[in-house]
Amino acid sequence: MIVPCHRISATTFYRVMAYFNKRRDEIGAALGRGERYTKYALDKLSHWGKAAGGHNVTLVNRENDTFEVITAARGYHLRKGSNKQVVKLEARRCTCMKWQCFGIPCSHVQAVCASVAIDHCQYIESYYRLSVYSQCYAMNFQPIPHDDY
1 MIVPCHRISA TTFYRVMAYF NKRRDEIGAA LGRGERYTKY ALDKLSHWGK
51 AAGGHNVTLV NRENDTFEVI TAARGYHLRK GSNKQVVKLE ARRCTCMKWQ
101 CFGIPCSHVQ AVCASVAIDH CQYIESYYRL SVYSQCYAMN FQPIPHDDY
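Residue numbering for the sequence shown follows UniProt numbering, beginning at 1 and increasing consecutively.
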């Protein structure tokens, strides 16, 4: 059975429209609950934050906010960990590269922020804010007219 192209197009259109409406409603509800960031960003923060408590932080250069972070020993027979990472807060850089790749503070950045009593959430990239994310789904759809018109 061959399905006409216009039927495939219409089906795709209505599925996308329904998805956009669903996402718009979900984001609106999350904003209504006072949430600020996407679930993805919060899950990453939480996962990496669990390791942050065991890191040792040393201030290396106060002028450009450079810190050395030694990770805690972990894993089977404590063979993992004890790695050294360098965090440059002002430049938004960590030598583990997770911060740069994901735009979310890694465990090293979270440990540094905790050691100097600042909120690590200020270093989450803006595209993870629900107020910004909602703009992806702000587009309005226009009805598809009948083929004869």
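The C-beta atom is built at its ideal place from N, Cα and C for all residues, glycine as well.
Test item: CB-CB of Q85 and T66 under 9 Å
no
H146 versus M17 - alpha carbon distance
18 Å
Contiguous alpha helix (DSSP H) assignments of at least 4 residues, all confined to the region 33-72:
39-52
Report yes if the CB atom of P143 is closer than 9 Å to the CB atom of I124, and no otherwise.
no
Compute the distance between the beta-carbons of L42 and H120, then report whether it is under 9 Å.
Taking 9 Å as the Cβ cut-off, L42 and H120 do not qualify as a contacting pair.
So T38 packs on Y133, CB below 8 Å; how close in whole Å?
6 Å
What residue from G103, G49, A111, V109 has the CA that sits closest to S126's CA?
Of the listed residues, the one whose Cα sits closest to S126 is G103.
Measure how close the beta-carbons of F20 and M139 come, nearest whole angstrom, since I'm counting them as under 8 Å.
7 Å
From H55, Y137, G28, residue whose alpha carbon lies closest to that of residue 154
This structure cannot speak to residue 154, because the chain is shown only from 1 to 149.
Apart from the five residues just before and just after R36, which ones in its own chain have a Cβ nearer than 7 Å to its Cβ?
R129, L130
Let me confirm a value: L89 is counted as buried when at least 16 other C-beta atoms fall within 10 Å, else exposed. Which label applies?
buried
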